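In the UniProt record's numbering, the protein residues as written are 1 to 393. For glycine and all other residues, C-beta sits at the position ideal for the given N, C-alpha and C. None of the values given here were measured: they were computed from a predicted structure. Down below is the structure, laid out as structure tokens.
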């Protein structure tokens, strides 16, 4: 794979495992075992069966006719919002819980921003009868209260992160501290394509089911498995990497990753990593992140908790640097308006994260026979309060 990972865990200049000595045994065990486990026929059979009967895959590829009329192209929605738990996050959570069981782990920790990964992790831990601790920023717990309740109903312990910006970055810091303190019996289910190798590659592999299905479904719809454009929102970047994965080597397919501009790229309240970031190390890998001249992480901001992250996964950093994918950004205001438009044109209430990707359609021009696939990464139930506040419903 041209844009894939090398044996040292790098995508071009990005990746690796920059970790404290205490974590080395955990990460090394994962690196050593995960490919063997993923290639095991019993693992594959159990994963496939749960994807079908528990998650409800394949998720539909829906031809959005009113969107197609509005934007003058064939617009398709890959409906990850219809998965059990309401987003793409469950794909990775199922994969990692099966991995953790085979590694003999008795306790699961996770970080979450919008709460969707926390809910997915709590769900699979309930399914498998394994203890679950989810770290979540205090601010995110307030703006995503329904997901906090769901996690607790599923039996998880939700621990607030009260340092820094009290959002996803800080929840990740707390989860890493827990893992350092409990290295033997605990598996850390990272929710995005971030962290030390092998996490970015492992999460991408579990999420690659999105683009694998899309190719088959698009061929049924159009006669070709290759669209002209693929769009997805990016915080850390797991839904985007899942959506891009099986198109990476198809150079004619234009990949568009949409970040959160917040109140404006240069407003000081943004999470537009590629526009504002520099190369450096964040949460165990070399990537592009928002940082000050002396290397301190700059606090990100987005109205969507799932995009409120100061970096991107190392594979995204590589795709950006070599111009394989275009990285753009959308403001809070633009995303909220796009979310409402999707409700009213297609009868689908999208997550505000997803709405960032939908909003970018306004800035694109298409030929009428272009096929355009957008990953509808999650549903908007969790964001109703934000929509209500903004529009005054």
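| Check | Outcome |
| --- | --- |
| Residues bridged to residue 278 (per DSSP) | 289 |
| Paired residues, beta bridge with residue 136 - DSSP | 112, 160 |
| Contact the region 145–153 vs the region 57–68: 3+ CB pairs below 8 Å | no |
| Distance between beta carbons of residue 330 and residue 78, contact taken as under 8 Å | Contact doesn't hold; Cβ gap of about 19 Å is too wide. |
| Delimiting residues of the beta strand (DSSP E) encompassing residue 52 | Residue 52 -> no beta strand (DSSP E), and no H or E assigned at all. |
| Nearest residue (CA-CA) to residue 48, options 25, 381, 92 | 92 |
| DSSP-derived helix/strand/coil call for residue 329 | strand |
| Per-residue burial, residue 90 [other beta carbons within 10 Å of its own, 16 or more giving buried] | buried |
| Check whether residue 31 and residue 198 have beta carbons under 8 Å apart | yes |
| 8 Å Cβ shell around residue 237 - same chain, five flanking residues per side excluded | 192, 193, 194, 257, 312, 313, 315, 316 |
| CB contact flag (residue 244, residue 120, <8 Å) | no |
| Reduced DSSP category for residue 131 - H, G, I as helix; E, B as strand; rest coil | strand |
| Residue of 259, 132, 50, 297 minimising C-alpha distance to residue 185 | 132 |
| Identified DSSP bridge partners for residue 61 | 78 |
| Residue 83 - DSSP class collapsed to helix/strand/coil | coil |
| Beta bridge counterpart(s) of residue 231 as assigned by DSSP | 256, 374 |
| Between the CA atoms of residue 378 and residue 86 - distance to the nearest angstrom | 6 Å |
| Residue 379 in three-state terms, based on DSSP | strand |
| In DSSP terms, what residue 271 is bridged to | 260 |
| Where the beta strand (DSSP E) through residue 187 begins and ends | 186–189 |
| Burial state of residue 271, where buried means 16 or more other Cβ atoms lie within 10 Å | buried |
| contact_flag[the region 93–108, the region 63–73] where n(CB pairs < 8 Å) is 3 or more | no |
| Burial state of residue 56 (16 or more Cβ within 10 Å) | exposed |
| Buried/exposed call for residue 24, threshold 16 Cβ in 10 Å | exposed |
| CB of residue 335 within 8 Å of CB of residue 304, strictly | yes |
| Which listed residue (332, 126, 384, 161) has its alpha carbon closest to that of residue 264 | 332 |
| Neighbourhood of residue 161 by C-beta, 6 Å cutoff - its chain only, sequence neighbours within 5 removed | 135, 137, 170, 171, 174 |
| Counterpart residues of residue 11 in DSSP-defined beta bridges | 14 |
| Residue 297 - partner residues in DSSP beta bridges | 291 |
| C-beta atoms of residue 286 and residue 182 nearer than 8 Å | no |
| 8 Å Cβ cutoff met for residue 2 and residue 248 | yes |
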